[in-house]
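Enquirer: One structure coming up, written as structure tokens, with questions to follow.
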Amino acid sequence: MDDLRAWFEAATAGGRAAQPSATSFPLAATLAAEASIPGAVAEARAFYAAACFDWGGAWVHRQRIGSREVFFVHVGTDGDGGWLEVFDDTGAFLLAASLDGTRLVWEPRDVARARIESGEPPP
Amino acid sequence: MPEYLADYDRFGLPPDEALRRVIARAAADPQFLADLDALFFKVQPMLAERLDCEAPHFFVMARDGVGNAWGVYVDPELAPTRGTPWVMWEHEDDALNYVADDTEQFFARLLDFCAYHRWSSAGCSSAFPVQVRPICSRRDPWSGCRRARCRPDRRFEPGDAVRRRPRRAASTRRTLVLG
Numbered sequence: 001m002d003d004l005r006a007w008f009e010a011a012t013a014g015g016r017a018a019q020p021s022a023t024s025f026p027l028a029a030t031l032a033a034e035a036s037i038p039g040a041v042a043e044a045r046a047f048y049a050a051a052c053f054d055w056g057g058a059w060v061h062r063q064r065i066g067s068r069e070v071f072f073v074h075v076g077t078d079g080d081g082g083w084l085e086v087f088d089d090t091g092a093f094l095l096a097a098s099l100d101g102t103r104l105v106w107e108p109r110d111v112a113r114a115r116i117e118s119g120e121p122p123p
Numbered sequence: 124m125p126e127y128l129a130d131y132d133r134f135g136l137p138p139d140e141a142l143r144r145v146i147a148r149a150a151a152d153p154q155f156l157a158d159l160d161a162l163f164f165k166v167q168p169m170l171a172e173r174l175d176c177e178a179p180h181f182f183v184m185a186r187d188g189v190g191n192a193w194g195v196y197v198d199p200e201l202a203p204t205r206g207t208p209w210v211m212w213e214h215e216d217d218a219l220n221y222v223a224d225d226t227e228q229f230f231a232r233l234l235d236f237c238a239y240h241r242w243s244s245a246g247c248s249s250a251f252p253v254q255v256r257p258i259c260s261r262r263d264p265w266s267g268c269r270r271a272r273c274r275p276d277r278r279f280e281p282g283d284a285v286r287r288r289p290r291r292a293a294s295t296r297r298t299l300v301l302g
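Taken in sequence, the protein lines are chains G and S. Using the numbering used here, read the first sequence as starting at 1 and increasing by one per residue. Using the numbering used here, read the second sequence as starting at 124 and increasing by one per residue.
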């Protein structure tokens, strides 16, 4: 998993990763074709879309990282907070992170998701 | 299948076949819905009050995914003479901003904005490049409108044009519309 973490950390470095960007992370070119999205990934997107209904949105991207093809759900909001969930190409969950300004903090998925309700930024 | 079309029809708005076709296809075609989603146009017709926007003549057609909403402004008293423009509700300022005269113009501008300005390698990511004017704002003493009494103002004058806003450095704040 270290290679995946390193890739996302590098991709989000220096930017405000909760906000979709034209030139950095995540690129629109990696938006996943709808028919290719595994059910578990779509469920994650639906979770965030509902949880952030009036202040954020969730998009599914597909990205090759080294020899792996992964899906990731990127959750953007109107502020600094955001979320990231990474899945393998079959839809198996791999990693979750909370986004806070320019920071990406890897966390257990339930901890990251709980921040939507609590509003608490990651440590 | 999402009930977007039924939700839209329940509004009882003046006929807009182009918009109705967009909503119907979004409800039936997941990839089309996702494509619109990628343009920061998350289709979901709803009353504005669901977003805590108290403008009774504003009918939300989509959210942008970062707190704002796109929709049509339909005031029965003014529509015959001033039309039913597309507006964006900007949640930070709680203001409705004129975007386009009609559905065709709106989507042309949305595509232009997203394809060139937002997602191109040269574009900026957080500034709406179209010059828009608030048509109502509770913080605008000039219009004198209250949130519940929002009315369009001079945007309906003939010859109004949308102008390009000079490109600027990416803002630290995510705001699509600058009124």
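Even glycine gets a Cβ: it sits at the ideal position worked out from N, Cα and C.
Tell me whether the beta-carbon of residue 112 of chain G lies closer than 9 Å to the beta-carbon of residue 83 of chain G.
Expert: For the purposes of this step, residue 112 of chain G is identified with residue 112 of the first sequence, where counting begins at 1. For the purposes of this step, residue 83 of chain G is identified with residue 83 of the first sequence, where counting begins at 1. It is a contact, given that the beta carbons lie within the stated cut-off.
Enquirer: Thinking just about the alpha-carbon of each residue, which of G:2, G:3, G:54, G:65 is nearest to the one in residue 30 of chain G?
Expert: Residue mapping note: residue 30 of chain G aligns to position 30 of the first sequence, counting from 1. Ranking the options by Cα distance to residue 30 of chain G, first place goes to G:65.
Enquirer: Could you tell me the boundaries of the alpha helix (DSSP H) in which residue 55 of chain G lies?
Expert: By one-based count along the first sequence, residue 55 of chain G stands at place 55. It is not in any alpha helix (DSSP H) - residue 55 of chain G carries neither H nor E in the DSSP assignment.
Enquirer: Could you pull the start and end residues of the alpha helix (DSSP H) that residue 118 of chain G belongs to?
Expert: As a position in the first sequence, residue 118 of chain G is number 118, starting the count at 1. 109-118 is the span of the alpha helix (DSSP H), which, as asked, contains residue 118 of chain G.
Enquirer: On the criterion of 16 or more Cβ atoms from any shown chain inside 10 Å, does residue 269 of chain S qualify as buried, or is it exposed?
Expert: Start at 1 with the first residue of the second sequence, and residue 269 of chain S comes out as number 146. Low per-residue confidence applies at residue 269 of chain S: pLDDT is 32, beneath 50, and the placement is therefore not dependable, though the value from the model is reported in the following sentence. Flag for residue 269 of chain S reads exposed.
Enquirer: On a CA-only basis, which of S:129, S:227, S:175 is nearest residue 151 of chain S? Give me that one, please.
Expert: Position 28 of the second sequence, counted from the first residue, corresponds to residue 151 of chain S. Out of S:129, S:227, S:175, S:129 has the C-alpha closest to the C-alpha of residue 151 of chain S.
Enquirer: Going along the chain, which residues of its own chain have a beta-carbon closer than 6 Å to the beta-carbon of residue 45 of chain G, five neighbours each way excluded?
Expert: Counting from one through the first sequence, the residue named residue 45 of chain G turns up at place 45. Excluding sequence neighbours, residue 45 of chain G sits near 58, 60, 73.
Enquirer: Taking all protein chains shown into account, decide if residue 3 of chain G is buried (16 or more other Cβ within 10 angstroms of its Cβ) or exposed.
Expert: Here residue 3 of chain G refers to the residue found at position 3 of the first sequence. It is exposed - the Cβ of residue 3 of chain G has fewer than 16 other Cβ atoms within 10 Å.
Enquirer: For residue 189 of chain S, which option in G:56, G:106, G:71 has the closest C-alpha, if you only look at C-alpha atoms?
Expert: Looking up residue 189 of chain S in the second sequence gives position 66. Nearest option by C-alpha distance: G:56.
Enquirer: Under 9 Å, do residue 96 of chain G and residue 108 of chain G count as touching if we go by C-beta distance?
Expert: Sequence index remark: in the first sequence, residue 96 of chain G carries index 96 (1-based). Sequence index remark: in the first sequence, residue 108 of chain G carries index 108 (1-based). Result yes, Cβ atoms of residue 96 of chain G and residue 108 of chain G sit closer than 9 Å.
Enquirer: Just checking my contact of residue 223 of chain S with residue 209 of chain S at CB under 8 Å: how many whole Å lie between their CB atoms?
Expert: In the second sequence, counting from the first residue as 1, residue 223 of chain S sits at position 100. In the second sequence, counting from the first residue as 1, residue 209 of chain S sits at position 86. Indeed, because the Cβ distance is near 4 Å, the residues count as touching under 8 Å.
Enquirer: Which residues in chain G sit within 8 Å of residue 159 of chain S, going by Cβ to Cβ distance?
Expert: Here residue 159 of chain S refers to the residue found at position 36 when the second sequence is read from its first residue. Going along chain G, no residue has its Cβ under 8 Å from residue 159 of chain S, so there is no contact; the nearest lies around 11 Å.
Enquirer: Could you tell me the distance, in whole angstroms, from the CA atom of residue 132 of chain S to the CA atom of residue 169 of chain S?
Expert: By one-based count along the second sequence, residue 132 of chain S stands at place 9. By one-based count along the second sequence, residue 169 of chain S stands at place 46. In a straight line, the C-alpha of residue 132 of chain S is about 11 Å away from that of residue 169 of chain S.
Enquirer: I think residue 78 of chain G touches residue 214 of chain S, with their Cβ atoms under 8 Å apart; what is that distance to the nearest whole Å?
Expert: As a first step, residue 78 of chain G is located in the first sequence; it is residue number 78 there, counting from the start. As a first step, residue 214 of chain S is located in the second sequence; it is residue number 91 there, counting from the start. Confirmed, about 7 Å.
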